[in-house]
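Visitor: According to my numbering, the sequence shown is numbered sequentially starting from 32. Every residue gets a Cβ at the ideal spot worked out from N, C-alpha and C, and that includes glycine. Being a predicted model, the structure only gives us computed values, none of them experimental.
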Amino acid sequence: MRKIISVALPKGGVGKTTTAVNLAASLAVAEKRVLLIDADPSGTCAIYLGVNTENTPGSLYDVLSFTKRISQVVSKTQLDNLDFIPAGEPSYQSEDRISRLTGNINLLSNMFHYELTEYDYVIIDCPPYLKGFTTIALIASQSVIVPMRAGQFSLNALKRMVDHIKWVRSNYNHHLRIEGILLTMYEPNTKVWTMTRQDLEVELGPFLFNTSIPRSSVLTVSEFHGKPAVLYDARARGAAAYMNLAMEILERDMGVKRPVVSV
């Protein structure tokens, strides 16, 4: 089985990259073959993984430019079961080319159909906007994880995300569903989180993961060391939370009954 999951929300600072990297690492620790793809031109996944992109065989930009195949740009990481494709660091001219290439909305979907068959999970870290990379990633995915932090801005971004998922489902990918809404930087006893969670439970309660990610310094400190949290300090709350998230997804995929809702 190969499952492609995008991590997306049209807002920065909600933990998309942190979630993509640490979920991918946790699934790898759980002995699943995982490929992490950085589709955000900022390229922060490489920093988090401690990967020097100057020494990698290629990038997602090379794939989208049709200069290399996906299999030719895969890099190894510190985890045996986790491989990685960096975004690349395009110039202004190549960014313009990428903008035109991503106009082919089935681009990634067609590429994934013929490659990546050796992986159990493919995790795509999307940029904080909906057009371009995010749209073609959703079209290529079976599901999407939506990280959420407390606040009205995040709730507004979530509404835009759900509407976009509905649009992709209706027009391009009828199999796309919400894997779950993930509460990040979660502080359950604060007023802002109480208000945010109440709104979420009224509107989208069935989509909430059972797991939430607490505010945890280890998730930030591990970035400086170029390691996923599970490698830096597996006993820390943040690392344990992402391992719990991986287990929740694995149990669901193995048929353990949990509420699954399609948009």
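What's the call for Glu232, buried or exposed, on a 16-neighbour Cβ count within 10 Å?
Guide: By the 10 Å Cβ count, Glu232 comes out exposed.
Visitor: For Glu282, which three-state DSSP category applies?
Guide: Three-state result, Glu282: helix.
Visitor: Applying the 10 Å Cβ sphere with the 16-neighbour rule, what's the burial state of Tyr145?
Guide: It counts as exposed.
Visitor: What is the rounded straight-line gap between the Cα of Arg191 and the Cα of Met226?
Guide: Approximately 19 Å, taken between the alpha carbons.
Visitor: To the nearest angstrom, report how far apart Ala277 and Asn135 are at their CA atoms.
Guide: Approximately 32 Å, taken between the alpha carbons.
Visitor: Cα separation between Lys107 and Ser201?
Guide: If I take the Cα positions, the gap works out to 37 Å.
Visitor: Considering only their Cβ atoms, is the gap separating Leu147 from Leu66 smaller than 8 Å?
Guide: Cβ atoms of Leu66 and Leu147: closer than 8 Å.
Visitor: Are at least three pairs of beta-carbons, each pair with one atom in the segment 45-61 and one in the segment 259-269, less than 8 Å apart?
Guide: Verdict: yes, contact present.
Visitor: The beta strand (DSSP E) with Glu210 in it runs from where to where?
Guide: First-last of the beta strand (DSSP E) with Glu210: Arg208 to Leu214.
Visitor: Restricting to Cα atoms, I'd like to know which of Glu279, Tyr263, Gln103 and His206 is closest to Asn241.
Guide: Measuring from the Cα of Asn241, the nearest candidate turns out to be Glu279.
Visitor: How is the beta strand (DSSP E) around Val249 delimited, first residue to last?
Guide: No beta strand (DSSP E) holds Val249; the alpha helix (DSSP H) holding it covers Ser248 to Phe255.
Visitor: Express the C-alpha separation of Asn137 and Pro178 in angstroms, rounding to a whole number.
Guide: Taking the straight line from one Cα to the other gives about 25 Å.
Visitor: Select from Asn187, Leu213 and Thr98 the residue whose C-alpha is nearest the C-alpha of Val38.
Guide: The residue with the shortest Cα to Cα distance from Val38 is Leu213.
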